[in-house]
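**Student:** After the structure tokens below, expect a handful of questions from me.
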Amino acid sequence: MRSNNNNPLTRDEILSRYFPQYRPAVAASQGLSGGSCIIAHDTHRVVLRRHHDPDAPPAHFLRHYRALSQLPASLAPRALFYTPGWMAVEYLHGVVNSALPDADELAALLYHLHQQPRFGWRIALSPLLAQYWSCCDPARRTPFWLRRLKQLQKTVNLARCGSRLCIWMSMATI
Numbered sequence: 015m016r017s018n019n020n021n022p023l024t025r026d027e028i029l030s031r032y033f034p035q036y037r038p039a040v041a042a043s044q045g046l047s048g049g050s051c052i053i054a055h056d057t058h059r060v061v062l063r064r065h066h067d068p069d070a071p072p073a074h075f076l077r078h079y080r081a082l083s084q085l086p087a088s089l090a091p092r093a094l095f096y097t098p099g100w101m102a103v104e105y106l107h108g109v110v111n112s113a114l115p116d117a118d119e120l121a122a123l124l125y126h127l128h129q130q131p132r133f134g135w136r137i138a139l140s141p142l143l144a145q146y147w148s149c150c151d152p153a154r155r156t157p158f159w160l161r162r163l164k165q166l167q168k169t170v171n172l173a174r175c176g177s178r179l180c181i182w183m184s185m186a187t188i
């Protein structure tokens, strides 16, 4: 164990100190990145997540943990553990969908999400949209989507609603 608390713990130190009965369930090369891993004990699986942005302040990751702790299981995995640089959340079995759900199902999900308690911080949406645009597959960067991005950056008004983000859009369609 390290004596200096300024150094983040390694995955093996986290496992031996806080999850001694758990073992890695899959090889690190099977889809997870950034040092995160799935650990298992009998049939119970947990995702041990590492803070992936070394330039971001540790408070951002703690904020993420607290947000997951407040959300119901119908919207997010249950947060189990936090230590600087690491968090453990319940493993959720599921599939990756390549298409959006139908409009009624999506509206119900967004309504349910919007009914949750407030977290208390602002989200700068415009830089996130620009970052997503720059990181997406170049084949998907069509002139249509670039126009939509620019429209969103002009028309989306953000308001601080405690913990949730309220977005009012003057656009008829998304």
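With my numbering as the guide, the letters of the sequence shown map in order to residues 15 to 188.
Think of the CB as a built atom: it goes at the ideal place given N, C-alpha and C, for glycine as much as any other residue.
Small disclaimer: the values here were computed from a predicted structure and weren't measured.
#1: Taking just the CA atoms, how far does Asp118 sit from Ile137?
#2: Measure the C-alpha to C-alpha separation of Leu29 and Leu139 and round it to an integer number of angstroms.
#3: My output table needs one value for Thr169: the three-state DSSP class, helix, strand or coil.
#4: Count the other CB atoms within 10 Å of the CB of Tyr146; is the residue buried (16 or more) or exposed (fewer)?
#5: Quick check on this structure: which residue in Pro152, Glu104, Pro71, Thr169 has the alpha carbon closest to the alpha carbon of Leu82?
#6: If you draw a straight line from the C-alpha of Ala54 to the C-alpha of Leu163, how long is it?
#7: Taking Cβ positions, are Trp135 and Arg63 nearer each other than 9 Å?
#8: To the nearest angstrom, how far is the alpha carbon of Leu166 from that of Trp100?
#9: Tell whether a beta-carbon distance below 9 Å holds between Phe33 and Ala102.
#10: Comparing alpha-carbon positions, which option in Ala73, His107, Asp69, Ala70 lies nearest Ala87?
#11: Taking Cβ to Cβ, would you say His74 is nearer than 9 Å to Ser50?
#12: Could you spell out where the beta strand (DSSP E) holding Leu62 opens and where it closes?
#13: With Ala54 as the anchor, note down where its alpha helix (DSSP H) starts and where it stops.
#14: Could you tell me which residues DSSP pairs with Glu104 in its beta bridges?
#15: Tell me, to the nearest whole angstrom, how far the beta carbon of Ala39 is from that of Arg59; I am working on the premise that it is less than 8 Å.
**Tutor:** With the structure as the only source:
#1: Spanning the two alpha carbons is a distance of roughly 26 Å.
#2: If I take the Cα positions, the gap works out to 36 Å.
#3: Helix at Thr169.
#4: Exposed, by the Cβ-count rule.
#5: Per the Cα distances, Glu104.
#6: Using only the alpha carbons, I get a separation of about 41 Å.
#7: Between Trp135 and Arg63, the C-beta spacing is not below 9 Å.
#8: Rounded to the nearest whole angstrom, the C-alpha separation of Leu166 and Trp100 is 34 Å.
#9: The answer is yes: Cβ separation under 9 Å.
#10: When only C-alpha atoms are compared, the closest one is His107.
#11: Taking 9 Å as the cut-off, the Cβ atoms of His74 and Ser50 do not count as close.
#12: 58-64 is the extent of the beta strand (DSSP E) around Leu62.
#13: In the DSSP assignment, Ala54 falls outside any alpha helix (DSSP H) and lies within the beta strand (DSSP E) extending over 51-55.
#14: In the DSSP assignment, the residues bridged to Glu104 are Val60.
#15: Between Ala39 and Arg59, the beta carbon gap of about 6 Å places them in contact (Cβ cut-off 8 Å).
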